[in-house]
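Visitor:
Number of protein chains: 2
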Amino acid sequence: MAQFSRRQMIAGSLSAAALAPVCHLTPARAAAPQIGKQAPGFYRYRHGDFEVTAVTDGAIRQPLADSYVVNASRDQVNAALGAMHLERDRIFAPLTPVVINTGTRLVVIDTGLGPAAFEQSKGAGGQFHTNLRAAGIDAAAVDAVVLSHLHRDHVGGLLTKDGHPAFPNAEIFVPAADWRFWSDDGNLTRMTAGSIPEINFRNNKQVFASLKNRVTLYDADKEVQPGILSVPAYGHTPGHTAHLVTSGNAKVLLQADLTAFSATLFVANPGWHVFFDMDGAAAESSRRRIYDMAASEKLLVQGYHLPFPSLGQIERQGSAYRFVPATWNSSL
Amino acid sequence: MAQFSRRQMIAGSLSAAALAPVCHLTPARAAAPQIGKQAPGFYRYRHGDFEVTAVTDGAIRQPLADSYVVNASRDQVNAALGAMHLERDRIFAPLTPVVINTGTRLVVIDTGLGPAAFEQSKGAGGQFHTNLRAAGIDAAAVDAVVLSHLHRDHVGGLLTKDGHPAFPNAEIFVPAADWRFWSDDGNLTRMTAGSIPEINFRNNKQVFASLKNRVTLYDADKEVQPGILSVPAYGHTPGHTAHLVTSGNAKVLLQADLTAFSATLFVANPGWHVFFDMDGAAAESSRRRIYDMAASEKLLVQGYHLPFPSLGQIERQGSAYRFVPATWNSSL
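Those sequence lines, one after another, are chains A and B. Heads up: the first sequence at position 321 corresponds to 321 in this note's numbering, and the numbers run straight through without jumps. Every position in the second sequence, counted from 1, becomes a number in this note's numbering once 1000 is added.
As structure tokens, this is what we get:
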């Protein structure tokens, strides 16, 4: 001990004498290369007897369109982005499907943008299947895929790059009201060519035509899979559905697109309507009803477009809300 | 296309007819096992020409001691924990060392609890070296380890389980004021046996006696390594030091223990003094001075005990502060 004090204090003192500058060393070894690769994008938590894994599909960074919020000006949106320390003139959209292992059933909720988007976005989006493998989950072991609604960024991961079913043994569950809307060719005739609804319409036709899985429709307020209850959240699309996942005393609300791209923007401004909400007023009404419930009951909320790992609490803040992320747990 | 509509709509309709209950299937395959393992604990970001990797050492969950905050009651602390959606009667303490690759130098800032803690905590803490490997970083390639102060949870990862230097080729940089304090045996005689300072004192003796690396002391306001400036933040310990990391226009403040275990608790209550601050008033003064600067300059802050990945912004909120986590980016 005494030896430590003397030897080290001398070493310390000697070095201290030569302190300015201290960064005078030339490394004898080659510099370690920068790695340029993000961590595998998943986050796991125990939920009663269930194991939940939030698996990111990545995130898309888009220019802010003038009409992005139909009832707020570009300046108002930019001011809100700035106040939240988010980049102005950009919409940053994370996507986070969820995998639930109930102990007897392996269930995927939504599937990301799909492999074509991976190439288009240079790997920023369409990561779901890569991250699923990194999370140790075999797509062939998935029993059910539950879709919240039939938008491309939720449906895209149903197929592989080659157009084969990405979950070969899964039954696919689709909200009945969405199915009715997206499979009625009469609706297609009322859509503007090149519009987001039209792109989604054609995408749904193509995906479900290729899909060999059994498709089952589900209604609101049903137990779609054990412990997974469908919660109507209409407006974003005609059949847009949230899910309440319960195991024992543990509850988590999968909010899907109750708030959409740059979700925290719409948490803080729940009266703002994003241009691709098919019925903005209904979407706002669903948002307020479900967030009021989540805030009152202090529910854990898992949000498809909320910042990864997309898990936290919704707090009331006047007539708006605030998202408080859960603290990351480094073990289970 | 027409074929799709018909075939699938019939399938959908047929299934829809049998909707209640839909969860009637018995899986033909064995249930997929739950995995029980968290994602590798690192998060990477570009920072000017630098690459920064936050690498978690895990997190320790401790009972809340009555005297944990010396100037607030247990009830006040529990009320604050509850308001922040944190568990009452517990302190949850994440630990997040940081690795900076400047392009020419590979620098580690703080090192976690060390391998003994990994066993004691059953893997909850002491994860740093495991996660470092998962992040693709070779400890032998590290040029410098910069310590913010000489507390056990920052020093522990300097040695392997067998007591060998964990960073065999690194020079170790220690704040001069901390070195003076922890190497003065006179200070040991004034410490209560079994107290946290005494445990840290004996731990420092043991670690630095075993360490074969060159130890260099550094003062405040020095460029300890290229682009890494030491910022005095005294109080928590006599030499406790934050670091401002600059590359081009990018700046991030590594705040170290400016707020300690359950760091967000002290962000929201900056006037509260944790019992292991060696000078609570000085620590508070450092906290307010540096947080005021961080809020005014909208600095990114990387906080050792803030929730992983421990990166975000500090906002002023009356005479207190709020931590706003940065949005996770799933690519670089």
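We put the CB at the ideal spot given by N, CA and C, even for glycine.
Whether or not the stretch 40-54 of chain A and the stretch 299-312 of chain A are in contact is what I'm after, with contact meaning three or more pairs of Cβ atoms, one per stretch, closer than 8 Å; do they touch?
Guide: yes
Visitor: Using only CA atoms, which one of B:ALA1177, B:LEU1159, B:VAL1108 lies nearest to ILE1137 of chain B?
Guide: B:VAL1108
Visitor: Can you name, in chain order, every residue of its own chain whose Cβ lies under 6 Å from the Cβ of TYR45 of chain A, other than the five neighbours on each side?
Guide: If we look at TYR45 of chain A and ignore the five residues flanking it on each side, its Cβ neighbours are VAL52.
Visitor: Measuring CA to CA, which of A:LEU132, A:THR192, A:ASP49, A:GLN317 is closest to PHE276 of chain A?
Guide: A:THR192
Visitor: On the three-state DSSP scale, how would you describe HIS1149 of chain B?
Guide: coil
Visitor: Sorted by chain position, which residues of the same chain lie with C-beta nearer than 6 Å to GLU223 of chain A's C-beta, five sequence neighbours on each side aside?
Guide: LEU229
Visitor: On a CA-only basis, which of B:LEU1159, B:GLY1048, B:LEU1113 is nearest SER1210 of chain B? Give me that one, please.
Guide: B:LEU1159
Visitor: Could you work out which residues of chain B lie near PHE276 of chain A, taking near to mean beta carbons separated by less than 8 Å?
Guide: By Cβ distance, chain B contributes nothing, its closest Cβ being about 21 Å from PHE276 of chain A, past 8 Å.
Visitor: Mapping DSSP to helix, strand and coil, what is GLY156 of chain A?
Guide: helix
Visitor: Relative to the alpha-carbon of GLN1127 of chain B, which residue among B:LYS1037, B:TRP1272, B:ASP1221, B:ALA1242 has its alpha-carbon at the smallest distance?
Guide: B:LYS1037
Visitor: With the cut-off set at 8 Å, would you say ARG29 of chain A and ALA1141 of chain B are in Cβ contact?
Guide: yes
Visitor: Specify the secondary structure class of GLN974 of chain B as computed by DSSP and reduced to three states.
Guide: This structure leaves residue 974 of chain B out entirely; chain B is present only between 1001 and 1332.
Visitor: Using the Cα positions of ASN200 of chain A and GLN255 of chain A, report the straight-line distance between them to the nearest angstrom.
Guide: 20 Å
Visitor: Can you list the beta strand (DSSP E) stretches of 3 or more residues lying completely in the stretch 24-91 of chain A, in chain order?
Guide: Taking only runs of at least 3 residues, the beta strand (DSSP E) segments lying wholly in the stretch 24-91 of chain A are 42-47, 50-55, 58-63.
Visitor: Just to confirm my understanding: we take CYS1023 of chain B, look at its own chain, exclude 5 residues before and 5 after, and list those with CB closer than 7 Å. What are they?
Guide: Annotation note: pLDDT 46 at CYS1023 of chain B (below 50); position unreliable, coordinate value reported separately. Result list for CYS1023 of chain B: empty, nothing under 7 Å.
Visitor: Using C-beta distances below 6 Å, list every residue in its chain close to LYS1161 of chain B, excluding the 5 sequence neighbours before and after it, in chain order.
Guide: PRO1115
Visitor: Mapping DSSP to helix, strand and coil, what is TYR304 of chain A?
Guide: coil
Visitor: With 7 Å as the limit, tell me which residues of the stretch 1321-1332 of chain B have their beta carbon closer than that to any beta carbon of chain A; keep them in chain order.
Guide: Taken in chain order, the members of the stretch 1321-1332 of chain B whose beta-carbon sits within less than 7 Å of a beta-carbon on chain A are VAL1324, PRO1325, THR1327, TRP1328, ASN1329, SER1330, SER1331, LEU1332.
Visitor: Taking only beta carbons into account, state which residues of the stretch 227-255 of chain A come closer than 7 Å to chain B, listed in chain order.
Guide: Within the stretch 227-255 of chain A, contact with chain B at the beta-carbon level (separation under 7 Å) is assigned to no residue.
Visitor: In chain A, which residues lie with their C-beta within 9 Å of the C-beta of GLY954 of chain B?
Guide: The question about residue 954 of chain B has no answer here: the residues shown for chain B are numbered 1001 through 1332.
Visitor: Of the choices A:SER121, A:ARG105, A:ASP279, A:ASN269, whose alpha-carbon is the least far from that of VAL146 of chain A?
Guide: A:ARG105
Visitor: MET293 of chain A: which of A:ASP257, A:ILE314, A:PHE208 sits nearest, CA to CA?
Guide: Measuring from the Cα of MET293 of chain A, the nearest candidate turns out to be A:ILE314.
Visitor: Could you check the C-alpha separation between GLY1163 of chain B and ALA1031 of chain B for me, to the nearest Å?
Guide: Distance between GLY1163 of chain B and ALA1031 of chain B, taken at the CA atoms: about 44 Å.
Visitor: So, is ASN249 of chain A buried or exposed, given that buried needs 16 or more other C-beta atoms within 10 angstroms?
Guide: exposed
Visitor: If you drop the 5 nearest sequence neighbours on each side, which residues of the same chain put their C-beta closer than 8 Å to that of SER1262 of chain B?
Guide: LEU1081, LEU1086, ILE1091, PHE1092, ALA1093, HIS1305
Visitor: Can you tell me which of B:ASN1131, B:PHE1323, B:ALA1065, B:GLY1156 puts its alpha carbon nearest to the alpha carbon of THR1259 of chain B?
Guide: When each option's Cα is compared against that of THR1259 of chain B, the closest is B:PHE1323.
Visitor: Is GLU297 of chain A helix, strand or coil when you go by DSSP?
Guide: coil
Visitor: Which of the three DSSP states, helix, strand or coil, is assigned to PHE266 of chain A?
Guide: Three-state DSSP puts PHE266 of chain A in a helix.
Visitor: So what's PRO1115 of chain B in DSSP terms, helix, strand or just coil?
Guide: helix
Visitor: Could you list which residues in chain A have their beta carbon closer than 7 Å to that of ASN1269 of chain B, in chain order?
Guide: Going along chain A, no residue has its Cβ under 7 Å from ASN1269 of chain B, so there is no contact; the nearest lies around 16 Å.
Visitor: Compare the C-beta of ASN1200 of chain B with all C-beta atoms of chain A and state if any pair is closer than 8 Å.
Guide: no
Visitor: Exposed or buried, which one is THR1096 of chain B when buried takes at least 16 other CB atoms within 10 Å?
Guide: buried
Visitor: From what residue to what residue does the alpha helix (DSSP H) around PRO197 of chain A run?
Guide: From DSSP, the alpha helix (DSSP H) with PRO197 of chain A extends over 196-210.
Visitor: Quick one: is LYS122 of chain A buried, meaning 16 or more other Cβ sit within 10 Å of its Cβ, or exposed?
Guide: exposed
Visitor: Identify the contact partners of ILE1109 of chain B in chain A, using a Cβ-Cβ distance below 8 Å as the criterion.
Guide: Those do not exist, as ILE1109 of chain B stays about 14 Å from chain A at its closest Cβ, beyond 8 Å.
Visitor: Determine the burial state of GLU1119 of chain B: buried for a count of at least 16 other Cβ atoms within 10 Å of its Cβ, exposed for fewer.
Guide: exposed
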